[in-house]
Amino acid sequence: MQDEKKLAIIATKGSLDWAYPPFILASTAAALGYDTEIFFTFYGLQLLKKNLDLEVTPLGNPGMPMPMGMDKWFPVLGLALPGMQGMMTGMMKKKMASKGVADLAELRELCQEAEVKLIACQMTVDLFEMNTSEFIDGIEYAGAARFFEFAGQSDICLYI
Amino acid sequence: MADFDQELDASGLNCPLPILRAKKTLNGMESGKVLHIIATDPGSVKDFEAFANQTGNELMESKEVGGKFEFLIKKA
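Have a look at this one:
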């Protein structure tokens, strides 16, 4: 095999839609032989919870395709109604399953199987007083300097 | 289609699952053995090309048969 390339990712978002790019790219890179690490910070730490209860919101996101032409007849304010986020999340999950898009927990497992290193930002854990027993096993807790140790030698570095 | 040693049906799976499953299957195969992959994701055509280029496993054949995409990959 050629010299091992390195991919470093910072995952900062904790919604269902934004949970995909880090895990899709990391698992694929690992399959291509990249040495890969993901550093999870702020809302990105939600992606490390055992119970991945993530949601998607159409609020503040005019680019999100709405089912059944809802964007045509639904005023923006309507998107803030109680239950709307849950409904959109349910629809998104259904759509993903019907299109054969991987389940998030499955993708994350594939990352771990492929030895993608998952690093949780210790500062965020302290800041939000998060309970580390809620996180999956096999992750590392560290700070920014730890990220740069790897990112400094990486061929690709992404902020998601 | 030429002979193959193992088969992987990735029909119905979307990016990046066909690649990930193929990689996993290849991991369990010996060098020189051939994997036959069936996929329905149109993106898999370019993806398996790129996969072969980057991993050194040879893409021996890539074709469309009745709306499905079939690949032969020889493990390096």
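Protein chains in written order, with this note's numbering: chain A, 1 to 160; chain B, 1001 to 1076.
Think of the CB as a built atom: it goes at the ideal place given N, C-alpha and C, for glycine as much as any other residue.
Nothing here was measured: the structure is a model prediction, and the numbers come from that model.
For the alpha helix (DSSP H) containing residue i, name the first residue and the last one.
i, result
"methionine 1060 of chain B", "Segment 1058 to 1065 is the beta strand (DSSP E) holding methionine 1060 of chain B; no alpha helix (DSSP H) there."
"glutamate 1007 of chain B", "That residue, glutamate 1007 of chain B, is in no alpha helix (DSSP H); its beta strand (DSSP E) goes 1006 to 1010."
"isoleucine 1019 of chain B", "1017 to 1027"
"alanine 1052 of chain B", "1044 to 1055"
"glutamine 112 of chain A", "104 to 113"
"threonine 132 of chain A", "It is not in any alpha helix (DSSP H) - threonine 132 of chain A carries neither H nor E in the DSSP assignment."
For the beta strand (DSSP E) holding residue i, just list the boundary residues, first then last.
i, result
"cysteine 121 of chain A", "117 to 121"
"phenylalanine 40 of chain A", "35 to 40"
"glutamate 140 of chain A", "140 to 142"
In three-state terms, what does DSSP make of residue i?
i, result
"cysteine 157 of chain A", "strand"
"lysine 13 of chain A", "coil"
"valine 1034 of chain B", "strand"
"isoleucine 1073 of chain B", "strand"
"leucine 59 of chain A", "coil"
"leucine 7 of chain A", "strand"
"lysine 99 of chain A", "coil"
"alanine 1039 of chain B", "strand"
"lysine 50 of chain A", "coil"
Relative to the alpha-carbon of residue i, which residue among the options has its alpha-carbon at the smallest distance?
i, options, result
"glutamine 1054 of chain B", "A/Ile38, A/Cys121, A/Ala11 and A/Ala29", "A/Ala29"
"proline 1016 of chain B", "A/Phe23, A/Lys13 and A/Trp18", "A/Phe23"
"glycine 44 of chain A", "A/Ser27, A/Ser133, A/Thr57 and A/Tyr20", "A/Tyr20"
"serine 15 of chain A", "A/Leu81, A/Met70 and A/Lys93", "A/Lys93"
"threonine 1040 of chain B", "B/Phe1069, B/Ser1062, B/Ala1002 and B/Leu1059", "B/Phe1069"
"alanine 26 of chain A", "A/Asp3, A/Gly152 and A/Glu115", "A/Glu115"
"threonine 41 of chain A", "A/Asp126, A/Ile156, A/Gln153 and A/Asn61", "A/Asp126"
"glutamate 1064 of chain B", "B/Glu1058, B/Leu1072 and B/Asn1057", "B/Leu1072"
"glutamate 161 of chain A", "A/Lys95, A/Gly83, A/Asn51 and A/Leu59", "Here chain A comprises residues numbered 1 to 160, so residue 161 of chain A is not present and cannot be evaluated."
Decide if the region 3 to 23 of chain A is in contact with the region 145 to 152 of chain A; the criterion is three or more beta carbon pairs, one per stretch, under 8 Å apart. yes
Spell out a yes or no on whether the region 34 to 53 of chain A and the region 1022 to 1029 of chain B are touching, meaning 3 or more CB-CB pairs, one atom from each, closer than 8 Å. no
Do the region 96 to 108 of chain A and the region 1004 to 1018 of chain B touch if we need at least three Cβ pairs shorter than 8 Å? yes
Is the region 1028 to 1048 of chain B in contact with the region 120 to 131 of chain A, if contact means three or more CB pairs nearer than 8 Å? no
If you pair each beta-carbon of the region 1034 to 1049 of chain B with each one of the region 1002 to 1009 of chain B, do three or more pairs fall below 8 Å? yes
Does the region 128 to 146 of chain A come within contact of the region 1043 to 1050 of chain B, defined as at least 3 CB pairs closer than 8 Å? no
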